[in-house]
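> Structure below; questions to follow.
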Amino acid sequence: YFYGTRSNNLYPFTFDVPFDDVTLCKIGAEQLPESCLPIGMEIENHETKVVIMEPTPEIKHHLFAFSPSQKADESVVKSPIYGFCLVTEVDMERRTFSVLCPQNSLPSKILVYSEITHLDDQIKR
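For the record, in the sequence shown the residue sitting at position 104 is 134 according to the working numbering, with numbers rising by one throughout.
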């Protein structure tokens, strides 16, 4: 995806993204036990719930999808995606993370977390 094929090479970009410039979210949340809910309240569908994430070092090497949604809400689940980026570094002091991306800038401010990880041995900074 990032580098193309042997016959058609692609050259992705690597750049830093300030935490405050994007919203990270994931789809799916832990299901609450019925015993934790008020009487008469029904359990939400936890599998498609959109949850805001804070950037942490644990997002390193994870793929994120670009959502065309304007907000990290239920519209993220129903929207197509623009593509993917890979988080290659997380700098908590500077409050930035580095991405490997086919474009030279992010096409969206909403990034959707994926459990898919990738260790990129071709990155040259």
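Every residue gets a Cβ at the ideal spot worked out from N, C-alpha and C, and that includes glycine.
The beta strand (DSSP E) that contains V142, what's its start and end?
By 1-based counting over the sequence shown, the position of residue 142 is 112. Run containing V142: I140 to T147, per the beta strand (DSSP E) assignment.
> Is the distance from the Cβ of V80 to the Cβ of L136 below 9 Å?
Your numbering for residue 80 matches position 50 in the sequence shown. Your numbering for residue 136 matches position 106 in the sequence shown. Cβ atoms of V80 and L136: not closer than 9 Å.
> Nearest by alpha-carbon distance to T44: which of C55, M122 and V129 is it?
The sequence position of residue 44 within the sequence shown is 14, counting from 1. Answer by Cα proximity: V129.
> Going by C-alpha to C-alpha distance, which of N39, Y33, T147 and M83 sits closest to I57?
Taking the first residue of the sequence shown as position 1, residue 57 is located at position 27. Considering only alpha carbons, the answer is M83.
> Could you tell me how far apart the beta carbons of V47 and K90 are, in whole angstroms, since I believe they sit closer than 8 Å?
The count along the sequence shown starts at 1 and reaches residue 47 at position 17. The count along the sequence shown starts at 1 and reaches residue 90 at position 60. 13 Å between Cβ atoms; not a contact.
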